[in-house]
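Residues in the sequence shown are numbered from 1 upward in steps of one, following the UniProt record's numbering. Note that CB positions come from ideal geometry on N, CA and C, so glycine has one too. Comments concern the structure below.
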Amino acid sequence: MWQCPLCQQPLQLTEKFWHCENNHTFDKAKSGYMNLLPVQSKNSKQPGDDKLMLAARREFHSTGGYAPLMAELAEQIRKETSHKAAISLFEAGCGEGAYIRYLRRALSTEFSSLTTAANDIAKVGVERAAKADKESQYIVASSYHLPVLSESVDIVLEVFAPGSHTEYARILAPDGKLITVDPGPEHLFELKQHIYENPQKHDSSVNESVAFTMTSQAQVCFSVDLQEDRRRSGLLGMTPLYWKLQPEKRERLSATLKQVTADFVIRTWCKTS
Numbered sequence: 001m002w003q004c005p006l007c008q009q010p011l012q013l014t015e016k017f018w019h020c021e022n023n024h025t026f027d028k029a030k031s032g033y034m035n036l037l038p039v040q041s042k043n044s045k046q047p048g049d050d051k052l053m054l055a056a057r058r059e060f061h062s063t064g065g066y067a068p069l070m071a072e073l074a075e076q077i078r079k080e081t082s083h084k085a086a087i088s089l090f091e092a093g094c095g096e097g098a099y100i101r102y103l104r105r106a107l108s109t110e111f112s113s114l115t116t117a118a119n120d121i122a123k124v125g126v127e128r129a130a131k132a133d134k135e136s137q138y139i140v141a142s143s144y145h146l147p148v149l150s151e152s153v154d155i156v157l158e159v160f161a162p163g164s165h166t167e168y169a170r171i172l173a174p175d176g177k178l179i180t181v182d183p184g185p186e187h188l189f190e191l192k193q194h195i196y197e198n199p200q201k202h203d204s205s206v207n208e209s210v211a212f213t214m215t216s217q218a219q220v221c222f223s224v225d226l227q228e229d230r231r232r233s234g235l236l237g238m239t240p241l242y243w244k245l246q247p248e249k250r251e252r253l254s255a256t257l258k259q260v261t262a263d264f265v266i267r268t269w270c271k272t273s
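As structure tokens, then:
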């Protein structure tokens, strides 16, 4: 399913490196991931989320804080692929891999063959994902220029991540589906109330897509208990708003916030004819 990020030719896979017919070669890291992000495609020295936010995300997800969302994603994928015996699932912008890792476990008995893969532009996130999951393939790459062969994927998943609908349409099979997750109106509103004088709810309106037509939309809303220190510090640490606060306000927020609303909008899209 992979193509060379430099010349777009198919990549041949070996145990230690990948290469194309034009002799572009990419070495596999010890933890198992592949770096397919050309230097000229980087917009900074270390693009993507930083180590602190990725570590916080890992801590939060290890407590099952967003488990209802993950379970609903698994159900949506089952519904969209019930007619298939084998599927390939690709997550664009996977961070430290919590979602694709969960989905692989949840769907492992549903199909005769399940291929799971993901990318992120943050190398530290991909490295952590690869260390935690030896069954999926993780790559460092931009979601705007995916080193994935055209029409090679059945499901593309995008959770709170930037990316290109044009690229997703290119890599999806003709009957493939894109599943996106965006914040709903109430998402983390209690946190906003602690930070802003006049907090605003998320605008959950959908943007038009030239490449896709939306076929379904579902809202998943639930309360997240933050009594456990690890879950609370993880949620706060993975939220960009938190790091914009002065240290004393961060400490006060951590001591007082004991519950938040998680609100998500899951949309399913098919390719526009």
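Residue i CB to nearest heavy atom of the ligand NAD below 6 Å
| i | result |
| --- | --- |
| Ile-87 | In the structure shown, the ligand NAD is absent, as is every other ligand, since no ligand is present at all. |
Assigned secondary structure, residue i (DSSP; H/G/I helix, E/B strand, else coil)
| i | result |
| --- | --- |
| Gln-76 | helix |
| Gly-125 | helix |
| Phe-160 | coil |
| residue 274 | As shown, the chain starts at 1 and ends at 273. That puts residue 274 outside it, with no answer to give. |
| Lys-134 | coil |
| Gly-234 | helix |
| Leu-13 | strand |
| Ser-216 | strand |
| Met-1 | coil |
| Leu-241 | helix |
| Val-39 | helix |
| Pro-183 | strand |
| Leu-191 | helix |
| Leu-69 | helix |
| Thr-272 | coil |
| Leu-52 | helix |
Local Cβ density within 10 Å of residue i, reported as buried at 16 or more and exposed below that
| i | result |
| --- | --- |
| Lys-271 | buried |
| Phe-17 | exposed |
| Val-224 | buried |
| Thr-256 | exposed |
| Asp-50 | exposed |
| Phe-60 | buried |
| Thr-14 | exposed |
| Asp-133 | buried |
| Cys-7 | exposed |
| Thr-81 | buried |
| Gln-76 | buried |
Top-ranked residue by Cα proximity to residue i, from the options
| i | options | result |
| --- | --- | --- |
| Val-140 | Asp-229, Ala-130, Thr-63 | Ala-130 |
| Glu-96 | Ala-118, Leu-107, Arg-78, Glu-80 | Ala-118 |
| Val-153 | Val-159, Leu-178, Ser-233 | Leu-178 |
| Ser-233 | Glu-158, Ala-262, Arg-58, Thr-81 | Arg-58 |
| Lys-244 | Ser-164, Val-156, Tyr-138, Lys-192 | Lys-192 |
| Gln-259 | Glu-197, Gln-246, Phe-189, His-202 | Phe-189 |
| Gln-219 | Pro-199, Val-181, Arg-231 | Val-181 |
| Leu-235 | Glu-75, Thr-63, Asp-203 | Thr-63 |
Min CB distance residue i to chain C below 7 Å
| i | result |
| --- | --- |
| Glu-135 | Of the protein chains in this structure there is only one, and it is not chain C. |
*asked:* Count Cβ pairs between the region 25–41 and the region 202–214 that sit closer than 8 Å; are there 3 or more?
replied: no
*Do the region 238–255 and the region 75–90 touch if we need at least three Cβ pairs shorter than 8 Å?*
no
*Enumerate, from N- to C-terminal direction, the unbroken beta strand (DSSP E) stretches of 3 or more residues contained entirely within the region 83–110.*
86–92
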